[in-house]
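Below: one structure, written as structure tokens.
In my numbering, the protein residues as written are 2 to 521.
Have a look at this one:
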């Protein structure tokens with residue numbers, strides 16, 4: 002069902018297009034509903050004309066062949082609305098390098114130089130992880146519910162814009178998407194690598210998606226994806242959600258080695274935050290505030306727990322009156338200790354203030370990092386760590402064990418890294434990483450969800466514990482069948498039997514490798 006609307010009034014024009022799956026159903030509806038009264042109006046049903054085909058399809062129908070590039074582009078556009086997407090927070094590697102270079106006040110050549118410490122691919126992966134977490138924090142502070150990104154139901158008015166060149170700003174995005182309809186919120190993080198664009202009308206969002214999917218913006222095509230439904234915590238309010246006037250200050254001069262500096266457990270959850278200290282204070286992020294709620298009101302509510310340090314309600318300039326500031330619907334409450342913040346979180350969750358139920362969570366700025374430093378605090382997002390061992394899948398075949406160690410050691414203390422190898426040489430495409438504490442494993446799992454290494458998306462998960470000897474024997478048997486089964490020679494079978502006998506130990510022949518072997 003498609004109901005065209007007027008661009009001026011945003012109201013339906015008085016007619017609609019109905020598409021059926023079967024022709025006989027359309028004929029049945031035509032005969033039954035023509036000249037029938039519906040909501041006080043006399044319906045007039047007419048056969049619709051066939052939708053005009055793109056030029057590429059028309060040429061193919063007439064026997065003309067278009068170029069390979071045109072066919073490939075047309076196929077990409079046809080599949081642009083596919084609901085499956087393996088990474089909603091995908092960022093261009095070039096844009097990541099530009100963004101982190103500007104933040105560190107260095108050149109991109111210096112960032113990717115082979116003369117600097119560490120592998121350039123690992124440095125780029127670390128930079129992407131920092132920027133992705135920075136974008137998550139930015140979206141969360143502007144009312145985006147990140148937990149909705151796992152939902153399969155997609156929104157009709159909100160679009161994710163990916164693969165954006167770093168030189169594009171918010172005004173250019175508004176001008177590009179604004180040609181197709183009225184816009185609501187346009188969120189572009191300071192890293193300028195991904196954006197969220199909200200339309201006011203579903204039909205205009207569909208038109209923008211259809212025309213702009215894979216459209217070249219400066220030097221790169223932009224990738225579009227429909228955002229999850231209800232991705233914003235609050236509906237769009239023209240007086241409260243306008244262009245953000247706040248600007249991030251320039252970064253300070255740094256070196257490439259800063260990307261390889263180890264990050265403590267207390268800093269993992271706020272790895273991308275600049276200015277967050279993670280000291281003795283602990284901050285709560287308060288959402289769903291009434292626009293009339295003030296700091297004094299929140300102080301009276303949260304003052305019931307001892308140790309209240311400060312209360313801030315985020316405000317911005319009123320679109321109607323630039324001299325006035327209006328609440329953005331969220332704020333921050335800081336306590337002097339993580340224990341007090343945890344008590345307030347449990348006590349005031351869902352409290353009604355000015356006819357709004359408060360939605361509380363630990364802030365990425367400071368509170369969650371401070372809470373992670375205490376063993377009694379839960380993991381980020383309320384998840385309990387399962388073990389100290391993670392499995393890293395989709396590992397590039399160019400990567401070595403040292404690359405994996407250098408990458409994950411920036412976010413937790415690594416106990417061991419194993420990269421199982423094939424008998425024919427090379428590794429199997431996955432690795433096992435063991436940390437000192439379960440909390441560090443959980444932090445790495447939450448932080449590196451969108452990290453790429455050598456252009457491949459690393460898939461992290463909990464490693465299955467195989468404690469029984471029978472389970473290890475069955476696993477080695479499956480590997481033996483995969484590598485050639487009975488066609489293997491006596492030397493290979495003897496090697497597999499030796500691996501079976503010693504698989505319960507840490508130094509299994511199949512899984513043992515070293516940094517020296519990687520260097521060779």
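Ideal Cβ placement from N, Cα and C applies to all residues, glycine included.
All of these numbers come straight from a predicted model, not from anything done at the bench.
Please state the DSSP three-state secondary structure of residue i.
i	result
residue 335	strand
residue 422	strand
residue 386	coil
residue 315	strand
residue 118	coil
residue 392	strand
residue 29	helix
residue 9	coil
residue 22	coil
residue 400	coil
residue 288	strand
residue 307	coil
residue 178	helix
residue 109	helix
residue 196	strand
residue 416	strand
residue 221	strand
residue 123	helix
residue 330	strand
residue 274	Any reading at residue 274 must be qualified, since the residue scores a pLDDT of 35, below 50, and its modelled position is unreliable; the value itself is stated next. Residue 274: coil per DSSP, three-state reduction.
residue 233	strand
residue 45	coil
residue 143	coil
residue 39	strand
residue 137	helix
residue 299	helix
residue 228	strand
residue 457	strand
residue 361	strand
List the endpoints of the continuous alpha helix (DSSP H) containing residue i.
i	result
residue 101	94-105
residue 208	203-213
residue 356	Note, residue 356: premise wrong, no alpha helix (DSSP H); not H, not E.
residue 442	439-448
Within 10 angstroms of the Cβ of residue i, are there 16 or more other Cβ atoms? Answer buried if so, exposed if not.
i	result
residue 358	exposed
residue 120	buried
residue 498	Because residue 498 sits at a pLDDT of 49, beneath the cut-off of 50, its placement in the model cannot be relied upon, and the following sentence gives the value as read from the coordinates. Its Cβ having fewer than 16 others within 10 Å, residue 498 is exposed.
residue 312	buried
residue 529	Coverage of the chain is limited to positions 2 through 521, which leaves residue 529 absent and any answer about it impossible.
residue 153	exposed
residue 107	buried
residue 446	buried
residue 415	buried
residue 24	exposed
residue 195	buried
residue 135	buried
residue 26	exposed
residue 10	exposed
Are any of the Cβ atoms in chain D nearer than 9 Å to that of residue i?
i	result
residue 125	Judged by its chain identifiers, the structure shown contains no chain D, having just a single protein chain.
Which residue marks the beginning of the beta strand (DSSP E) containing residue i, and which one marks its end?
i	result
residue 160	155-163
residue 187	184-188
residue 51	Where residue 51 is concerned, there is no enclosing beta strand (DSSP E), given that its DSSP letter is neither H nor E.
residue 434	432-436
residue 465	From DSSP, residue 465 is part of no beta strand (DSSP E); its letter is neither H nor E.
Within the same chain, show all residues whose beta-carbon is closer than 7 Å to that of residue i, passing over the 5 residues directly before and after it, in chain order.
i	result
residue 460	394, 395
residue 400	454, 455
Please list, in chain order, all residues of the same chain as residue i whose beta carbon is under 6 Å from its beta carbon, the five residues on each side excluded.
i	result
residue 159	199, 228, 232
residue 417	435
residue 305	none
residue 335	282, 284, 310, 311
Please go through the same chain and pick out, in chain order, the residues whose beta-carbon is closer than 8 Å to the beta-carbon of residue i, but skip the five residues on each side of it.
i	result
residue 222	164, 215, 216
residue 325	318, 319
Are there three or more Cβ pairs, one per stretch, closer than 8 Å when the stretch 109-125 is compared with the stretch 146-156? no
For the pair the stretch 427-436 and the stretch 389-409, tell me if three or more CB-CB distances fall below 8 Å. yes
Three or more C-beta pairs below 8 Å linking the stretch 220-233 and the stretch 27-41: no
Using a Cβ distance threshold of 8 Å, determine whether the stretch 124-141 contacts the stretch 157-177, with at least three qualifying pairs required. no
Three Cβ pairs or more, each shorter than 8 Å: is that satisfied between the stretch 176-186 and the stretch 108-116? no
Between the stretch 194-212 and the stretch 285-293, do at least 3 Cβ pairs fall closer than 8 Å? At 8 Å Cβ cutoff, the stretches do not touch.
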